[in-house]
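Before any comments, here is the structure.
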Amino acid sequence: MLVTGKDILVPARKGKYAVGAFNTNNMEITQAIIHTAERLRSPVIVQMSEGAIKYGGQDLANIVIDIATRATVPVALHLDHGSSYESALKAIKMGFTSVMIDASHHPFDENVHETGRVVEAAHAMGISVEAELGRLGGIEEHIVVDEKDAFLTDPEEAVKFVELTDVDYLAIAIGTSHGAYKGKGRPFIDQARIKKIGELLSIPLVAHGSSGVPAEIVQRLRDSGGEIGDAAGIADEDLTEAAGYGIAKVNVDTDLRLASTVGIREVLKANPKEFDPRKVFGPARDLMSKIVEHKMKVLGSVGKA
Ligand SMILES: O=C(COP(=O)(O)O)N(O)CCCCO
Ligand code: NA
Ligand SMILES: [Zn+2]
1 MLVTGKDILV PARKGKYAVG AFNTNNMEIT QAIIHTAERL RSPVIVQMSE
51 GAIKYGGQDL ANIVIDIATR ATVPVALHLD HGSSYESALK AIKMGFTSVM
101 IDASHHPFDE NVHETGRVVE AAHAMGISVE AELGRLGGIE EHIVVDEKDA
151 FLTDPEEAVK FVELTDVDYL AIAIGTSHGA YKGKGRPFID QARIKKIGEL
201 LSIPLVAHGS SGVPAEIVQR LRDSGGEIGD AAGIADEDLT EAAGYGIAKV
251 NVDTDLRLAS TVGIREVLKA NPKEFDPRKV FGPARDLMSK IVEHKMKVLG
301 SVGKA
């Protein structure tokens, strides 16, 4: 069933587990996410970035909404990294049940103002809201935040931010970053900081940049003709620990991008004569399903629907 992000995340925070928020850009990715959630009896969040909306528009949103509505587990459709009040409202008009307004690159007061506007409008329409405080490293699709400017979230400031905005869930900067290159080896996750923020705030907390970038998938990408540098992601045990401190929503995009690409490359490399799209996209869907399953087990959301 199609529900709001809050309907999924408040129970997750209370139950000390986290729910995967997986980015989609087409039907097969959406099926891998929602069908796996049903098979594992797990709530799940399907999210679309502004780039995904540009790519698939209402057609793609409708595919998600239709599959989510018929699903036997709770599913929310979430706008990832909404960059403006207009973008958030447009997504709600498209049928999204959860929106992020990401004004984290603005000074505190402007972030509060922008977030407060979206919260007021979204709540009037029964839609829940995510905001971000602090800055991730890595590349936030439309923003490049290089290492030295990456600011981790200050716990006291987070309390003030939530009081001033009434936001439903808060993305915090704790050492993660977007993309396949999250740092050499095992990226530093500031568990003490998560614990502190989780003790001060009872609302669900969100971890962006949480793909694991599994070494096996990276190797299979190279073996099937792909090129990727010294890629590294977030360790499973770090996500499991963070879920215990209050992280309730965990964003994953890169792992699905890698899995879909590996699925496609491996088929085309092994079968040069193949040109049936179902034989190309089907294995990609299967490999993405395996990634979604693994993540749900790591986050503890299996059986929680
Ligand atoms: O936090 C994330 C996902 O992060 P990751 O790149 O670790 O999958 N997102 O918000 C997805 C969009 C960012 C570009 O990938
Ligand atoms: Na988001
Ligand atoms: Zn993100």
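So the sequence shown is numbered by the working numbering: it starts at 1 and just counts up by one.
Yeah, the Cβ is synthetic: ideal placement off N, Cα and C, and Gly gets one too.
Residues near residue i in its chain [Cβ-Cβ closer than 7 Å; skip 5 each side]
i: GLY198; result: LEU205, TYR245, GLY246
i: PRO11; result: none
i: GLN58; result: MET94
i: PHE151; result: GLY134, ARG135, ALA173
Nearest neighbour of residue i, chosen from the options [CA to CA]
i: LYS269; options: GLY233, LYS304, LYS249, ARG222; result: ARG222
i: GLU216; options: LYS195, VAL250, VAL262, LYS196; result: VAL262
i: ILE127; options: THR115, THR97, VAL118; result: THR97
i: THR176; options: LEU258, ALA71, ARG193, VAL292; result: ARG193
i: MET94; options: LYS6, PRO74, MET125; result: MET125
i: LEU136; options: ILE189, PRO214, ALA121; result: ILE189
i: GLU163; options: GLY134, GLY179, ILE203; result: ILE203
i: TYR85; options: TYR55, ASP102, ARG285, VAL73; result: ASP102
i: GLY134; options: LYS14, HIS106, GLN219; result: HIS106
i: ALA235; options: GLY212, GLU227, ILE228; result: GLY212
i: GLY282; options: LEU170, ALA68, MET27, GLU120; result: MET27
i: ARG41; options: ILE53, LEU9, ASN25, PRO74; result: PRO74
i: HIS113; options: LYS160, THR153, THR72; result: LYS160
i: PHE108; options: ASP66, GLU156, VAL99, THR69; result: GLU156
i: GLY15; options: ALA243, LEU60, THR165, TYR169; result: ALA243
i: ALA284; options: ARG257, LYS297, PHE275; result: ARG257
i: TYR169; options: GLY116, ALA232, GLN191; result: GLY116
i: VAL119; options: THR165, SER87, ALA76, LYS90; result: THR165
i: ALA121; options: ILE65, PHE275, ALA68, SER87; result: SER87
i: ALA231; options: PRO214, GLU237, ASN25; result: PRO214
i: LEU2; options: ASP238, LEU60, ARG70, MET100; result: ARG70
i: ASN25; options: GLU38, VAL64, ARG13; result: VAL64
i: ARG265; options: LEU60, PHE22, LYS184, VAL218; result: VAL218
i: ILE34; options: GLY233, ALA76, THR153; result: ALA76
i: LYS184; options: LEU89, GLY233, ASP66; result: GLY233
Neighbour-count burial assignment, residue i, 16 or more Cβ in a 10 Å radius
i: ARG78; result: According to the sequence as given, residue 78 is His; it is not Arg. Classification for HIS78: buried.
i: GLU130; result: buried
i: ASN111; result: buried
i: ARG186; result: exposed
i: TYR17; result: buried
i: ASN62; result: exposed
i: GLY200; result: The sequence given here places Leu at residue 200; Gly does not occur at that position. LEU200 comes out exposed.
i: GLY5; result: buried
i: GLY229; result: exposed
i: ASP276; result: exposed
i: THR72; result: exposed
i: ALA305; result: buried
i: ASP238; result: buried
Short Cβ contact (8 Å threshold) for residue i with residue j
i: GLU50; j: SER83; result: yes
i: GLY20; j: VAL250; result: yes
i: GLN31; j: ASP80; result: no
i: ALA252; j: LYS182; result: Reading off the sequence, residue 252 comes out as Val, not Ala. Going by C-beta atoms, VAL252 is not nearer than 8 Å to LYS182.
i: SER224; j: PRO43; result: no
i: ILE92; j: ILE45; result: no
i: VAL259; j: LEU287; result: In the sequence as presented, Val is not what sits at residue 259; that position holds Ala. The answer is yes: Cβ separation under 8 Å.
i: ALA180; j: THR254; result: yes
i: HIS178; j: GLY226; result: no
i: ASN23; j: ALA52; result: yes
Residues near residue i by beta carbon distance below 6 Å, same chain, minus five either side
i: THR36; result: SER289, VAL292, GLU293
i: ARG220; result: VAL262
i: GLU132; result: ASP102, SER104, ALA171
Cβ-based neighbour list, residue i, same chain, cut-off 8 Å, excluding 5 preceding and 5 following
i: LYS279; result: VAL267, ASN271
i: THR240; result: VAL298, LEU299, GLY300
i: LYS196; result: PRO155
Those residues which DSSP pairs with residue i across a bridge
i: TYR181; result: ALA232
i: GLN47; result: ASN23, HIS78
i: LEU205; result: LEU170, ILE247
i: VAL99; result: LEU79, VAL129
i: VAL252; result: PHE22
i: HIS2; result: For clarity, residue 2 is Leu in the given sequence; the question names His instead. According to DSSP, which records beta bridges pairwise, LEU2 is partnered with VAL75.
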